[in-house]
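Structure, as structure tokens:
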Amino acid sequence: DIQLTQSPSFLSASVGDRVTITCRASQGISSYLAWYQQKPGKAPKLLIYAASTLQSGVPSRFSGSGSGTDFTLTISSLQPEDFATYYCQHLNSYPPFTFGPGTTVDIK
Amino acid sequence: QVTLKESGPALVKPTQTLTLTCTFSGFSLTTREMRVSWIRQPPGKALEWLARIDWDDEKFYSTSLKTRLTISKDTSKNQVVLTMANMDPVDTATYYCARMGYYYDSRGYSRKYFDYWGQGALVTVSS
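Protein chains in written order, with this note's numbering: chain B, 1 to 108; chain Z, 109 to 235.
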């Protein structure tokens, strides 16, 4: 099975900062990756799928890129509502559906 | 508008069987390519996919938990039910149900993601 790692595990940033989170797959997965945002006590929310396709309703300050084994989620200008934990997920055609361990973005 | 909501006991004893129900609206599990999964998240930990059921009643389970899991659907009630046998304190988690969206890749395979989630149900396993 594909394994996903994320870096950093935790980062502190300020409102207005540009933030980049990395997800690395244990083997090449083309562009088959999604990103989710989870706030404390809430369900995850889909942000991006197919590595770079923004889900409907997600602000354009979020963007995704990458292919193969290395992927990034970028928040161009961090907003107060963006402080959360972010997970990547391998878009497998068959189970299992693997998630990364998460990156928590906290207020500096 | 797609919504999902989990229901079930908040507390179960070790060795008991957990039964969770996902009641959804805004889509039908009789529609081709519709799928619903269960995912769980222990406190402070990452997400773990558990099981999936498809419109055609095909079922898939986590390899590590498949002997303990059963997923089923009642399309007349718009519900998906997950049972997990032999509960243990390590199974304490928030359990989510989620609809699966998809797109087709260049080779015609459907790539699946979780586009709508329920609010989650916290289940504590303790005697």
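Here a beta-carbon is modelled for each residue, glycine too, at the ideal position from N, C-alpha and C.
Alpha-carbon spacing of threonine 5 of chain B relative to alanine 50 of chain B, whole angstroms: 18 Å
With 16 other Cβ atoms within 10 Å as the buried cut-off, status of glycine 100 of chain B: Burial call: buried.
Distance CB(tyrosine 204 of chain Z)-CB(valine 231 of chain Z) smaller than 9 Å: no
Spatially closest choice to lysine 121 of chain Z from Z/Met192, Z/Gln227, Z/Asp223, Z/Arg207, by CA coordinates: Z/Met192
Outcome for isoleucine 107 of chain B when other beta-carbon atoms lying within 10 angstroms are tallied against a minimum of 16: Note on isoleucine 107 of chain B: under 16 other CB atoms within 10 angstroms of its CB, so exposed under the neighbour-count rule.
Aspartate 223 of chain Z - DSSP class collapsed to helix/strand/coil: Here aspartate 223 of chain Z carries a strand assignment [DSSP, helix/strand/coil].
Beta-carbon neighbours of leucine 47 of chain B, restricted to chain Z and to distances below 8 Å: Residues of chain Z whose Cβ lies closer than 8 Å to the Cβ of leucine 47 of chain B do not exist; the shortest such Cβ separation is about 10 Å.
Residues of the region 72-93 of chain B with Cβ closer than 7 Å to any Cβ of chain Z, in chain order: Tyr87, Gln89, Leu91, Ser93
Segment limits, beta strand (DSSP E) that includes aspartate 112 of chain B: The requested residue 112 of chain B is not part of the displayed model; chain B covers only 1 to 108.
Test: alanine 43 of chain B CB closer than 9 Å to a CB of chain Z: With respect to chain Z, the C-beta atom of alanine 43 of chain B has a partner C-beta closer than 9 Å.
Segment limits, beta strand (DSSP E) that includes lysine 167 of chain Z: 167-169
The region 177-192 of chain Z touching the region 126-139 of chain Z, judged by at least three CB pairs closer than 8 Å: yes
Contact with chain Z by glutamine 184 of chain B, beta-carbon distance below 9 Å: One cannot answer for residue 184 of chain B here, as it falls past the ends of chain B, which runs 1 to 108.
Alpha-carbon spacing of valine 58 of chain B relative to lysine 39 of chain B, whole angstroms: 15 Å
Whole-Å CB distance - serine 30 of chain B paired with serine 67 of chain B, under 8 Å assumed: 6 Å
For aspartate 213 of chain Z: DSSP bridge partner residues: In the DSSP output, where bridge partners are listed per residue, aspartate 213 of chain Z has none listed.
N- and C-terminal bounds of the beta strand (DSSP E) containing serine 65 of chain B: For serine 65 of chain B, the enclosing beta strand (DSSP E) starts and ends at 62-67.
Any C-beta of chain B under 9 Å from that of lysine 220 of chain Z: Chain B contact via Cβ: present.
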